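Top to bottom, those sequences are chains H and Y. Numbering follows numbering that gives the first Met the number 0, in which position 9 of the first sequence is assigned residue number 8; successive positions increment by one, without gaps. Numbering follows numbering that gives the first Met the number 0, in which position 65 of the second sequence is assigned residue number 64; successive positions increment by one, without gaps. The structure appears below as structure tokens.
There are 2 protein chains.
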Amino acid sequence: MRRDVFQAIADPIRRDIIELLAIETLSVNKVVEKFEISRPAISKHLKILNECGIIDFNKVGRERLCLIQPKKLIPAFLWIKQYNKLWEDRIDSFENYLNKVQTEKNNKDE
Amino acid sequence: MRRDVFQAIADPIRRDIIELLAIETLSVNKVVEKFEISRPAISKHLKILNECGIIDFNKVGRERLCLIQPKKLIPAFLWIKQYNKLWEDRIDSFENYLNKVQTEKNNKDE
DNA sequence: TATTTACGTAACCAAATAGTTATATTTATA
DNA sequence: TATAAATATAACTATTTGGTTACGTAAATA
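This is how it looks when you write it as structure tokens:
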């Protein structure tokens, strides 16, 4: 069972949970209220997020407050970030080729 | 069947494929050679990457060259990036406490 | 103390994932 | 033209995922 940040953020509900907890710390039930799925389903998502360190639990009375540990997103951020030079600089040869062909065609048509 | 960038980069083999193709365009067989798994398995990974736009195929003779479209990583990058303010600014109370204790200890030692 | 609240866990299920081997197809070459 | 090379696809399998309902437990409250 892989349990890493990439797998954690692959699920759209878990991404939504992260978005909620980035705004404010919420109890489990407060998180549940924001979604259509059952409490156990949310509970499992929270467990996965917890297992890869993205959220921590803080027990207060009978509530468990879920608080985000945003630093755990950094490895995923850095992995993608290494390509930003590529997507900013790259002259995409195929697109370039298409553009060239298109331009030549247009010139011929005129 | 979800087919988005987050799901695409959730698999470690697909991340490795992206890393390879970021360096150079490779034929399918050249990609296969880099891994221990079978060609059909790689073929499926390439298909998934293609279906969410991260790679394009460029057929040359009987080879299919796989070329990366790094711009498709941008949405995932931006999603994570929105939290960098959070992980940079946030005063993590426990870490802060540790740093404080450490600093006090160092001052005493000198 | 009995009940309610706020959860977690177990057992189960359907669908998706990630792999396999076997086979088919297209293109290049002998 | 027969063969080899480069690839995809089909059929299958085991495991994982993401959900459900039913039940259990600790803490607060009536």
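Beta carbons are placed, not taken as given, at the ideal position from N, Cα and C, and that holds for glycine. Note that the structure is predicted; figures quoted are calculated from it, not measured.
In chain order, what residues of the same chain lie with their CB nearer than 7 angstroms to the CB of residue 3 of chain Y, ignoring the 5 residues before and after it? 51
Just checking: is the beta-carbon of residue 75 of chain Y within a distance shorter than 7 angstroms of some beta-carbon in chain H? yes
Name the residues in the stretch 31–47 of chain Y whose C-beta lies less than 7 angstroms from a C-beta of chain H; which are they? none
Tell me, please, whether the stretch 20–27 of chain H touches the stretch 60–67 of chain H by the rule of three or more beta-carbon pairs shorter than 8 angstroms. yes
Just checking: is the beta-carbon of residue 70 of chain Y within a distance shorter than 7 angstroms of some beta-carbon in chain H? yes
Are the C-beta atoms of residue 50 of chain Y and some chain H residue less than 7 angstroms apart? no
In angstroms with no decimal places, state the Cα-to-Cα distance between residue 8 of chain H and residue 33 of chain Y. 27 angstroms
Quick one: what does DSSP say residue 55 of chain Y is sitting in, helix, strand or coil? strand
Can you check which of these residues, Y:16, Y:81, Y:80 and Y:31, is closest to residue 53 of chain Y by C-alpha distance? Y:16
Taking the alpha carbon of residue 86 of chain Y as the point to measure from, which residue in H:44, H:74, H:1 and H:88 has its own alpha carbon closest? H:74
Give a yes or no on whether the C-beta atoms belonging to residue 31 of chain H and residue 41 of chain H are separated by under 7 angstroms. yes
What in chain Y is Cβ-close to residue 79 of chain H, meaning under 8 angstroms? 8, 72, 75, 76 and 79
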